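Note that the protein sequences, when read in sequence, are chains A and B. Residues -1 to 111 (the numbering used here) are what the first sequence spells out, left to right. Residues -1 to 111 (the numbering used here) are what the second sequence spells out, left to right. For each residue, glycine too, the CB sits at the ideal point set by N, CA and C. Keep in mind the model is a prediction, meaning the values are calculated, not measured. Here the structure comes first, spelled out in structure tokens, and everything after it is commentary.
2 protein chains.
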Amino acid sequence: MVERESTPLTDILKAASDPTRRSILTLLAQDGPTRVTEIAARFEKSLNAVSKHIKVLEAAGLVSRRTAWREHIIEVRMEPLVEIDRWFRDLRSIWEMRLDALESLLTEENDND
Amino acid sequence: MVERESTPLTDILKAASDPTRRSILTLLAQDGPTRVTEIAARFEKSLNAVSKHIKVLEAAGLVSRRTAWREHIIEVRMEPLVEIDRWFRDLRSIWEMRLDALESLLTEENDND
DNA sequence: ACCTTATTCATCCATATGGTTGAACGAGAA
DNA sequence: TTCTCGTTCAACCATATGGATGAATAAGGT
């Protein structure tokens, strides 16, 4: 009933908001492409739990998967994170525009004194 | 039973990962400090729902509250968002370090040819 | 005192999320 | 074929989340 929205930015932020998933990204950034089992071995969670985390990251575009034989090699993708950066910058620029407008308004008033 | 972790960065990202909450931040960045009721009026949700969203943003430090008479004036705080930026930059630098190491390794090998 | 306004608190609901365990699948090795 | 390995799929569970509605609180206006 409750329309479940899902935009790229929302998916990226949601994926990044879990500490385990951020750890996975850090691990991949450090060590490069890594097998699912290998990744799971670094955490005190079941293989399945980690597998699910990876799927979330994958859905958000934060990692890519390359299947070689029976092994799934996971690689971090930095590109989508730029979306967060962009959102942050947009918000900040909106905020600064208002402050600038406010300041010039005050300056104007001072001129009228 | 499941240890519920909550770090500043996690709270910030979780707070930012909801579209409604991001809209509230944008609204506040544009219009400046605004009353809760005023904010709620901009959304097709109950006052209570918006009130709860604001509490989440507040807990993450993304907005501050100033109670004047019976009115609660909400203001956006940009500072905590820098944490996201920092995390992103850290991750990227870890990633670049690995690539640099990889590249210099390859160059070395070429030198040995 | 009583009304009105602004907001939160308390419940309750449906769905999402993070976790577990066990079965299933795909593909090389014995 | 049967075994093992790497991984996902399918249930299932407890808790979190986003939403609604109605009561409670706070404080000025009448």
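Between residue i and chain B, is any beta-carbon pair separated by less than 7 Å?
i, result
"LYS53 (chain A)", "no"
"SER15 (chain A)", "yes"
"GLY59 (chain A)", "no"
"THR65 (chain A)", "no"
"LEU11 (chain A)", "yes"
"LEU79 (chain A)", "yes"
"GLU101 (chain A)", "no"
"THR8 (chain A)", "yes"
"GLU3 (chain A)", "yes"
Does any C-beta atom of chain A lie closer than 7 Å to the C-beta of residue i?
i, result
"ARG90 (chain B)", "yes"
"ARG87 (chain B)", "no"
"ARG96 (chain B)", "yes"
According to DSSP, is residue i part of a helix, a strand, or is it coil?
i, result
"THR32 (chain B)", "strand"
"GLU101 (chain B)", "helix"
"PHE41 (chain B)", "coil"
"SER21 (chain A)", "helix"
"THR8 (chain B)", "helix"
"GLU94 (chain A)", "helix"
"ASP16 (chain B)", "coil"
Rounded to whole angstroms, what is the Cα-Cα separation between residue i and residue j?
i, j, result
"GLU56 (chain A)", "LEU11 (chain A)", "13 Å"
"LEU45 (chain B)", "THR32 (chain B)", "14 Å"
"ASP83 (chain A)", "SER21 (chain A)", "19 Å"
"ILE52 (chain B)", "LEU100 (chain A)", "25 Å"
"LEU89 (chain B)", "GLU69 (chain B)", "42 Å"
"GLN28 (chain A)", "ARG96 (chain B)", "6 Å"
"GLU77 (chain B)", "VAL34 (chain A)", "36 Å"
"ASP9 (chain A)", "THR105 (chain A)", "43 Å"
"GLU81 (chain A)", "LEU103 (chain B)", "32 Å"
"SER113 (chain B)", "GLU73 (chain B)", "Look at the range of chain B in this structure, -1 to 111, and you will see that residue 113 (chain B) is not part of it."
"PHE86 (chain A)", "SER49 (chain B)", "23 Å"
So does residue i have its beta carbon nearer than 6 Å to some heavy atom of the ligand HEM?
i, result
"PRO6 (chain A)", "Because no ligand of any kind appears in the structure shown, any question about the ligand HEM cannot be addressed here."
- Message: My parser needs the beta strand (DSSP E) runs of 3 or more residues fully inside the stretch 46 to 84 of chain A; what are they?
- Response: Within the stretch 46 to 84 of chain A, the complete beta strand (DSSP E) runs of at least 3 residues are 61 to 66 and 69 to 74.
- Message: At a CB distance below 9 Å, what residues from the stretch 28 to 46 of chain B approach chain A? Give them in sequence order.
- Response: Correct list: GLN28, ASP29 and GLY30.
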